[in-house]
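Throughout, the working numbering is defined as the position within the sequence shown, counted from one, plus 5.
In this text, a Cβ means the ideal position worked out from N, Cα and C, and glycines have one as well.
Predicted, not measured: the structure shown is a model, and the values here were computed from it.
Take a look at the structure below.
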Amino acid sequence: MLDKPQGTTALDRPVAERMPREIAPGVFWIGDCLAQRHKGKVYHGYNAAFLVAGDEASILVETGHPKDFPVIERHLNELFARGVAPLKYLFVTHQETPHCGGLGRILKTCPEAILCGDVSDYHLAFPQYEHRMRWMKEGDEIDLGGRTLMAVEPVIRDLRTTWWGFDTKERVLFPGDGFAYSHYHEDGHCGLVAEEAVSLDLPDVSSTFADLALFWTKFADMNVYCDRLDHLIDRLGVKTIAPTHGLPITDVKVTVPKVQAGLKAAALMPESGTNEKVPVAGAA
Ligand SMILES: [Zn+2]
Ligand SMILES: [Zn+2]
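What follows is the structure in structure tokens.
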């Protein structure tokens, strides 16, 4: 959609210059990584946001982690300066902080923006914006001009109020906590799509993320969930997957089974507990 620098790929560019990244025409990946320690390793996770640009309006999917707001704001301003349609909508998949922690600041910074999705309880935190909240249910679409953002079945749902988003033009799925996996900063994975991060062991990092963040997968038959994911991907004709925590998936046929293998493996292991605590300085 927008001009790209000639002759360079994401792999050639320094990490800091990889974002915002257009992962499908008019769909921009923005935000930053978050480092977490687990079993002596430093894992990087994304708390990504995505801007979907139509002819008339743009929608922001997720807000990023609260710490990322300055980065999100800078990336958004860069895109608007390049001619992307103004931000008129915000869609958050659910109420957890890494997904909607910048909600108040986005609504304050973009006074035209309307919050869409399952908007339960947000008015309690932000009564001043209650008139800018619109309910969506499965199949509802927001018209952006030449494309729509649709609320679709949230197969891997973290909260009861979860909806997933779907861009009907480029067939991009926004699955929130679905397809959640970390990556390794030292291996240069930051800002790459899953297929470019060739040294990333997707089944391993998917199973670690499920272990730490999606405890219910221990008590569910993940074969059923994986079948349902396949069904959703087929039904919608998904071409690209834009997860909040994982690297974007641009080859659905090749990459989705690797993530599913991780979900199925994690379901068979006992829960390992939460992140390691960094020792307090001076403690014995
Ligand atoms: Zn999450
Ligand atoms: Zn990273």
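**Request:** Going by CA-CA distance only, name the one from 189, 177 and 31 that's closest to residue 239.
**Result:** Taking the first residue of the sequence shown as 1, we reach residue 239 at position 234. That would be 177, whose Cα lies nearest to the Cα of residue 239.
**Request:** Give every residue of the same chain whose Cβ lies closer than 6 Å to the Cβ of residue 109, excluding the five residues on either side of it in the sequence, and list them in chain order.
**Result:** By 1-based counting over the sequence shown, the position of residue 109 is 104. Closer than 6 Å at Cβ, skipping near neighbours: 131.
**Asked** Where does residue 179 land, buried or exposed, given buried means 16+ other C-beta within 10 angstroms?
**Response** Here the question's residue 179 lines up with position 174 in the sequence shown. It counts as buried.
**Message:** I'd like the list of long-range same chain contacts for residue 295, defined as Cβ closer than 7 Å, with 5 residues on each side in sequence excluded.
**Reply:** The requested residue 295 is not part of the displayed model; the chain covers only 6 to 289.
**Message:** For residue 104, report the span of its alpha helix (DSSP H) as first-last.
**Reply:** Within the sequence shown, residue 104 is the residue found at index 99, counting from 1. Its alpha helix (DSSP H) spans residues 102-105.
**Request:** Return the CA-CA distance between residue 20 and residue 37, expressed in angstroms with no decimal places.
**Result:** The residue given as residue 20 occupies position 15 in the sequence shown. The residue given as residue 37 occupies position 32 in the sequence shown. So the alpha carbons of these two residues sit roughly 10 Å apart.
**Message:** Using a Cβ-Cβ cutoff of less than 7 Å, which residues in the same chain neighbour residue 211 once the five nearest sequence positions on both sides are dropped?
**Reply:** In the sequence shown, residue 211 corresponds to position 206, counting from 1. Counting only Cβ-Cβ distances below 7 Å, and skipping sequence neighbours, we find 186, 264, 267 and 268.
**Message:** Let's see if you can read the secondary structure: which residues bound the alpha helix (DSSP H) around residue 236?
**Reply:** Position 231 of the sequence shown, counted from the first residue, corresponds to residue 236. 227-241 is the span of the alpha helix (DSSP H), which, as asked, contains residue 236.
**Message:** Measuring only the C-alpha atoms, how far is residue 14 from residue 203?
**Reply:** Position 9 of the sequence shown, counted from the start, is the residue given in the question as residue 14. Position 198 of the sequence shown, counted from the start, is the residue given in the question as residue 203. In this model, residue 14 and residue 203 are separated by some 15 Å (Cα to Cα).
**Distance between residue 217 and residue 39 (C-alpha atoms, nearest Å)** = Translated into positions along the sequence shown, residue 39 becomes position 34. Translated into positions along the sequence shown, residue 217 becomes position 212. For the pair residue 39 and residue 217, the Cα-to-Cα distance works out to about 15 Å.
**Request:** Please report how far the alpha carbon of residue 74 lies from the alpha carbon of residue 107, in whole angstroms.
**Result:** Start at 1 with the first residue of the sequence shown, and residue 74 comes out as number 69. Start at 1 with the first residue of the sequence shown, and residue 107 comes out as number 102. Rounded to the nearest angstrom, the two C-alpha atoms are 6 Å apart.
**Prompt:** Whole alpha helix (DSSP H) runs in the segment 158-218 with 4 or more residues, listed along the chain?
**Reply:** Segments of the alpha helix (DSSP H) lying fully in the segment 158-218: 207-218.
**Request:** Examine ligand 2 and report whether any of its heavy atoms sits within less than 7 Å of the Cβ of residue 128.
**Result:** As a first step, residue 128 must be located in the sequence shown, where it is residue number 123. No - ligand 2 has no heavy atom lying nearer than 7 Å to the Cβ of residue 128.
**Asked** Would residue 156 pass as a contact of residue 122 if the rule is Cβ separation under 8 Å?
**Response** In the sequence shown, the residue the question calls residue 156 occupies position 151. In the sequence shown, the residue the question calls residue 122 occupies position 117. Cβ atoms of residue 156 and residue 122: closer than 8 Å.
**Prompt:** Taking just the CA atoms, how far does residue 229 sit from residue 255?
**Reply:** Numbered from 1 along the sequence shown, position 250 holds the residue referred to as residue 255. Numbered from 1 along the sequence shown, position 224 holds the residue referred to as residue 229. Inter-residue distance for residue 255 and residue 229 is about 24 Å (C-alpha atoms, whole angstroms).
**Prompt:** Near residue 166, which residues of its chain fall below 7 Å by C-beta distance, leaving aside the five closest residues on each side in sequence?
**Reply:** Taking the first residue of the sequence shown as position 1, residue 166 is located at position 161. Within its own chain, the residues whose Cβ lies closer than 7 Å to the Cβ of residue 166, once the five positions on either side in sequence are excluded, are 99, 100, 123 and 125, listed in chain order.
**Prompt:** Which word fits residue 171, buried or exposed, when buried means at least 16 other C-beta atoms lie within 10 angstroms of its C-beta?
**Reply:** As a position in the sequence shown, residue 171 is number 166, starting the count at 1. By the neighbour-count rule (16 or more Cβ atoms within 10 Å), residue 171 is buried.
**Contacting residues, own chain, Cβ-Cβ under 8 Å from residue 231 (five flanking each side not counted)** = On the sequence shown, residue 231 is found 226 positions in, with the first residue counted as 1. Result list for residue 231: 265, 268 and 269, in chain order.
**Asked** Applying the criterion that 16 or more other CB atoms from any shown protein chain within 10 Å of the CB defines a buried residue, is residue 160 buried or exposed?
**Response** For this step, residue 160 is matched to residue 155 along the sequence shown. In this structure residue 160 is buried. Its beta-carbon is surrounded by 16 or more other beta-carbon atoms within 10 angstroms.
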